[in-house]
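Reading through the structure tokens given below for one structure.
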Amino acid sequence: MLNNDSINQAREILRKAQRIAVLTGAGISAESGVPTFRDKDGLWRKFSASELANPEAFRTNPQLVWEWYGWRRREMLKAKPNAGHFALAELDKRASEFLLITQNVDNLHRRAGSQRMVEIHGNIFRNRCTECGHIEPDESCDFDEGGTLPVCGKCGAMARVDVVWFGEQLPEKELTAGFHAAESCDVFISAGTSAVVYPAAGLPEVAKLRGATLIEVNLEPTHLTQIADFSFIGKSGEIMPILIGNVE
Ligand code: OAD
Ligand code: ZN
């Protein structure tokens with residue numbers, strides 16, 4: 001249940017804010033049908049994401065890892081942006097300084113119209129060469145039963161998906177932009193993330209320490225709930241439009 005007084009208060013603070021930063025996670029795409037990582041539907045066959053999204057798994061079984069990414073690409077291509085994505089695209093248009101920092105690799109924010117954004121965990125619709133580092137767009141998803149695996153368009157070596165795997169560094173430029181926005185914003189919104197994976201999870205903490213108003217929107221409480229100025233528990237597709245102002 002939403003408390004009307006507090007949502008009105010948060011709306012007002014957001015309306016007056018000059019600098020806004022937002023962190024999103026898998027929960028913002030859940031209502032689009034994209035499975036999250038840590039909820040009960042976060043499994044594929046018998047594997048958890050952490051067993052597949054790591055360099056060791058790709059070294060030992062590239063076929064299996066590509067099959068998983070093929071399945072995920074298919075799911076993400078079928079999905080459409082939801083009201084939560086559209087509300088954030090609206091906020092982007094309206095705010096004077098704005099940055100959306102997403103942990104999602106599904107392209108849904110961009111498809112909803114967001115422009116000032118960084119993808120700190122990469123994008124599933126890009127390949128990166130394991131030899132020369134060349135990056136290119138790719139929406140192919142048919143790798144089951146021995147379908148050919150992607151190779152680099154430049155040097156022909158094996159390509160991997162251009163997302164950040166467990167144990168890997170995040171892209172530096174995007175991460176720096178994210179921390180800069182968190183340090184300098186008036187309002188920080190954390191939406192649809194369990195906020196357990198660092199360094200992303202450090203962004204709302206930094207914003208709060210630097211004096212920003214921290215607003216959390218999530219289906220369940222997280223450890224951010226204790227430090228948030230406002231915590232709205234529920235679906236982001238329902239709450240974000242109310243918070244951002246295109247729905248009363
Ligand atoms: P998680 O699966 O850890 O968390 C998703 C959060 O969204 C949970 O707290 C859910 O309660 C919440 N949620 C689910 N449905 C929702 C809805 N309709 N509205 C609002 N909230 C909802 O996903 P992330 O926090 O994104 O990293 O996970 C972070 C990172 O862990 C991912 O980017 C991925 C993974 O390892 C990499 O792949 C590098
Ligand atoms: Zn190459």
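Take the sequence shown: its position 90, counting from 1, is numbered 90 in my numbering, and each next residue is one higher.
Ideal Cβ positions, reconstructed from N, Cα and C, are used throughout, including at glycine.
Is it right to say residue i is buried, meaning 16 or more other beta carbons lie within 10 angstroms of its own, or is it exposed?
i, result
"residue 180", "exposed"
"residue 148", "exposed"
"residue 107", "buried"
"residue 48", "exposed"
"residue 221", "exposed"
"residue 26", "buried"
"residue 196", "exposed"
Are the beta-carbon atoms of residue i and residue j separated by less than 8 Å?
i, j, result
"residue 204", "residue 170", "no"
"residue 123", "residue 29", "no"
"residue 191", "residue 22", "yes"
"residue 166", "residue 3", "no"
"residue 239", "residue 217", "yes"
"residue 232", "residue 20", "no"
"residue 225", "residue 24", "no"
"residue 278", "residue 241", "For the chain, the structure presents residues 1 to 248; residue 278 sits outside this window and is missing."
"residue 158", "residue 130", "yes"
"residue 114", "residue 88", "yes"
Which of the three DSSP states is assigned to residue i in this structure?
i, result
"residue 120", "coil"
"residue 213", "strand"
"residue 97", "strand"
"residue 48", "strand"
"residue 102", "strand"
"residue 60", "helix"
"residue 136", "strand"
What is the rounded straight-line gap between the Cα of residue i and the Cα of residue j?
i, j, result
"residue 35", "residue 184", "32 Å"
"residue 229", "residue 70", "40 Å"
"residue 15", "residue 236", "18 Å"
"residue 211", "residue 223", "18 Å"
"residue 121", "residue 110", "15 Å"
"residue 133", "residue 154", "10 Å"
"residue 219", "residue 152", "40 Å"
Is it the case that the CB of residue i approaches a heavy atom of the ligand SAM more closely than 7 Å?
i, result
"residue 22", "Annotation note on the ligand SAM: not contained in the displayed structure, which lists the ligand OAD and the ligand ZN as its ligands."
Could you tell me which uninterrupted alpha helix (DSSP H) segments, each at least 4 residues in length, are contained entirely in the region 163-236, listed from first to last along the chain? 172-184, 202-209
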